[in-house]
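**Q**
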Amino acid sequence: MTKTRVIAALIMAPVAICAILFLPTQWLAAAAALVFLTGLWEWLKLTGVDGLPRTVLLALNLLLMVLMVWASVGSLVLFQLAALVGVGFWLLALLWLRYFNFGAHDENSARMLKLAAGTLAIVPAWAALVLLHAAEPNGHLWLLTALMLVWAADSGAYFAGRAFGKHKLAPRISPNKTIEGVLGGLVAGLIVAGGLGWLAGVSASGFGWLMLVAAVAVLASVLGDLFESLLKRHAGAKDSGNVIPGHGGVLDRIDGVLAALPVFALGKEFFGF
Numbered sequence: 013m014t015k016t017r018v019i020a021a022l023i024m025a026p027v028a029i030c031a032i033l034f035l036p037t038q039w040l041a042a043a044a045a046l047v048f049l050t051g052l053w054e055w056l057k058l059t060g061v062d063g064l065p066r067t068v069l070l071a072l073n074l075l076l077m078v079l080m081v082w083a084s085v086g087s088l089v090l091f092q093l094a095a096l097v098g099v100g101f102w103l104l105a106l107l108w109l110r111y112f113n114f115g116a117h118d119e120n121s122a123r124m125l126k127l128a129a130g131t132l133a134i135v136p137a138w139a140a141l142v143l144l145h146a147a148e149p150n151g152h153l154w155l156l157t158a159l160m161l162v163w164a165a166d167s168g169a170y171f172a173g174r175a176f177g178k179h180k181l182a183p184r185i186s187p188n189k190t191i192e193g194v195l196g197g198l199v200a201g202l203i204v205a206g207g208l209g210w211l212a213g214v215s216a217s218g219f220g221w222l223m224l225v226a227a228v229a230v231l232a233s234v235l236g237d238l239f240e241s242l243l244k245r246h247a248g249a250k251d252s253g254n255v256i257p258g259h260g261g262v263l264d265r266i267d268g269v270l271a272a273l274p275v276f277a278l279g280k281e282f283f284g285f
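Be aware that the sequence shown starts at 13, since it is given in the working numbering, and climbs by one per residue.
Printed below as a string of structure tokens:
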């Protein structure tokens, strides 16, 4: 399984990096929409929605993305607002994690909340991705920074947790996650953010703000990971899908990114680094 995971990662990572660095924003937005909507397709399954309703809901979210692009010619205000909505949702999701059993039962009200949560997680993250890539100058490098810090934090948390993990972070939701792992991920994420931020042209005065935003983004990525784990616990599923050999579903790979991207994009906008 480990060999399969490594091979899949070695294929996916260069493709993703090349797309970020070389595709125009409009084409990257389309490619990212495909990936994020695949994650939403899996999210809908975890909520117990299947068949025609699942297809209709996916189409409505795609339509929302298309309308945002159509209405934002010459301005990215809608994308900024969407990212802000995303940050607000993840703050509420933090409260949801506190009450583990909220929405755990297969009731219509719980399903509706989870369906709304899917849109509030997927669409703002996609909007934040577009916002970062379209930024001038070096938007492609800033998007790469945002994604790489999440990937680095995920790897750092894994190895730190295996080496030093003793204190469980959220045992009812994700038994393998530890506080030591989170701290290791935070260190790895900050190192990567600092290095890539320097390549992207962060100023000396903006470096401290970059580190602050990167730290919050790493913690947000943990929140995204935990929330997806909550959905899987409620659904009794091990993975969100089986699209990626050795990695499970697409949602399993982008859960941390969904929460981190709106935080990083808004932080960059607000602090101007």
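Yeah, the Cβ is synthetic: ideal placement off N, Cα and C, and Gly gets one too.
(1) From the DSSP output, in three-state form, read off SER121 for me.
(2) Report yes if the CB atom of LEU69 is closer than 7 Å to the CB atom of LEU58, and no otherwise.
(3) What three-state label does DSSP hand LYS178 in the structure shown?
(4) State the DSSP-derived secondary structure class of PRO183, mapped to helix, strand or coil.
(5) If you run the structure through DSSP and keep just helix, strand and coil, what is LYS126?
(6) Could you check what DSSP says for ASN188 in three-state terms: helix, strand or coil?
(7) On the DSSP letters alone, give me the boundaries of the alpha helix (DSSP H) that ILE266 sits inside.
(8) Report the rounded CA-to-CA distance for ALA175 versus PRO187, giving the unit in angstroms.
(9) Just to confirm my understanding: we take LEU143, look at its own chain, exclude 5 residues before and 5 after, and list those with CB closer than 7 Å. What are they?
(10) Closer than 8 Å by C-beta to ALA45: which residues in its own chain qualify, once you throw out the five before and the five after it? Chain order, please.
(11) Comparing C-alpha positions only, which one of LEU222, TRP210, ALA164 and GLY260 sits nearest to SER233?
(12) Is the CB-CB distance between ALA226 and ALA200 below 7 Å?
(13) So for ILE32, helix, strand or coil by DSSP?
(14) When the Cα atoms are used, what is the spatial distance from LEU155 to LEU141?
(15) Would you kindly check if the distance between the Cβ of ASP237 and the Cβ of ASP267 is under 7 Å?
(16) Could you pull out every unbroken alpha helix (DSSP H) segment of at least 4 residues lying fully inside the region 23-96, listed in chain order?
(17) For LYS280, which of GLY260, SER252, PHE219 and ILE256 has the nearest alpha-carbon?
(18) Within a Cβ cutoff of 7 Å, which residues of the same chain sit near GLY115, ignoring the five residues on either side of it in sequence?
(19) Within a Cβ cutoff of 6 Å, which residues of the same chain sit near PHE239, ignoring the five residues on either side of it in sequence?
(20) Which one of ALA172, ALA182, ALA229 and GLY151 has the shortest CA to CA distance from LEU211?
(21) From this set, THR190, LEU273 and GLY260, which residue's C-alpha is nearest ALA20's C-alpha?
(22) Quick one: using the 10 Å Cβ neighbour count with 16 as the cut-off for buried, is ASP166 buried or exposed?
(23) My guess is that VAL230 and LEU161 are in contact by the Cβ rule of under 8 Å, so how many angstroms apart are they, rounded?
(24) Just curious, the alpha helix (DSSP H) that ALA247 is in, first and last residue?
**A** Judging by the given coordinates:
(1) In the sequence shown, counting from the first residue as 1, residue 121 sits at position 109. In the structure shown, SER121 sits in a helix (DSSP, three-state: H, G or I).
(2) Position 57 of the sequence shown, counted from the start, is the residue given in the question as residue 69. Position 46 of the sequence shown, counted from the start, is the residue given in the question as residue 58. No, the pair does not count as a contact, with Cβ atoms beyond the cut-off.
(3) For this step, residue 178 is matched to residue 166 along the sequence shown. LYS178 falls in the coil class under three-state DSSP.
(4) The residue given as residue 183 occupies position 171 in the sequence shown. PRO183 falls in the coil class under three-state DSSP.
(5) Indexing the sequence shown from 1 puts residue 126 at position 114. Reduced to three states, the DSSP call for LYS126 is helix.
(6) By 1-based counting over the sequence shown, the position of residue 188 is 176. In the structure shown, ASN188 sits in a strand (DSSP, three-state: E or B).
(7) To locate residue 266, count along the sequence shown from 1; it is residue 254. First-last of the alpha helix (DSSP H) with ILE266: 262-283.
(8) If you number the sequence shown from 1, residue 175 lands on position 163. If you number the sequence shown from 1, residue 187 lands on position 175. Rounded to the nearest angstrom, the two C-alpha atoms are 16 Å apart.
(9) Sequence index remark: in the sequence shown, residue 143 carries index 131 (1-based). Same-chain partners within the cutoff: LEU88, PHE91, GLN92, ALA95 and ALA277.
(10) The residue given as residue 45 occupies position 33 in the sequence shown. Only LEU74, MET77 and TRP138 meet the Cβ criterion.
(11) Along the sequence shown, one-based indexing puts residue 233 at 221. Selected option, being the one with the closest Cα: ALA164.
(12) Residue mapping note: residue 226 aligns to position 214 of the sequence shown, counting from 1. Residue mapping note: residue 200 aligns to position 188 of the sequence shown, counting from 1. Contact: no.
(13) Residue mapping note: residue 32 aligns to position 20 of the sequence shown, counting from 1. Correct three-state label for ILE32: helix.
(14) Translated into positions along the sequence shown, residue 155 becomes position 143. Translated into positions along the sequence shown, residue 141 becomes position 129. So the alpha carbons of these two residues sit roughly 7 Å apart.
(15) As a first step, residue 267 is located in the sequence shown; it is residue number 255 there, counting from the start. As a first step, residue 237 is located in the sequence shown; it is residue number 225 there, counting from the start. In contact: ASP267 and ASP237 (Cβ atoms closer than 7 Å).
(16) 37-58 and 63-83
(17) Within the sequence shown, numbered from 1, the residue matching residue 280 stands at position 268. It is PHE219.
(18) Position 103 of the sequence shown, counted from the start, is the residue given in the question as residue 115. Cβ within range, chain order: ALA122, LEU125, LYS126 and HIS246.
(19) Against the sequence shown, residue 239 aligns to sequence position 227. Only ALA105 meet the Cβ criterion.
(20) Locating residue 211 in the sequence shown gives position 199, where the first residue counts as 1. LEU211 has its Cα closest to that of GLY151, out of ALA172, ALA182, ALA229 and GLY151.
(21) Numbered from 1 along the sequence shown, position 8 holds the residue referred to as residue 20. The residue with the shortest Cα to Cα distance from ALA20 is GLY260.
(22) For the purposes of this step, residue 166 is taken as the residue at position 154 of the sequence shown. With 16 or more Cβ atoms within 10 Å of its Cβ, ASP166 is classed as buried.
(23) As a working note, residue 230 is residue 218 in the sequence shown. As a working note, residue 161 is residue 149 in the sequence shown. That belief holds up - the Cβ atoms of VAL230 and LEU161 are roughly 6 Å apart, short of 8 Å.
(24) Taking the first residue of the sequence shown as 1, we reach residue 247 at position 235. From DSSP, the alpha helix (DSSP H) with ALA247 extends over 219-247.
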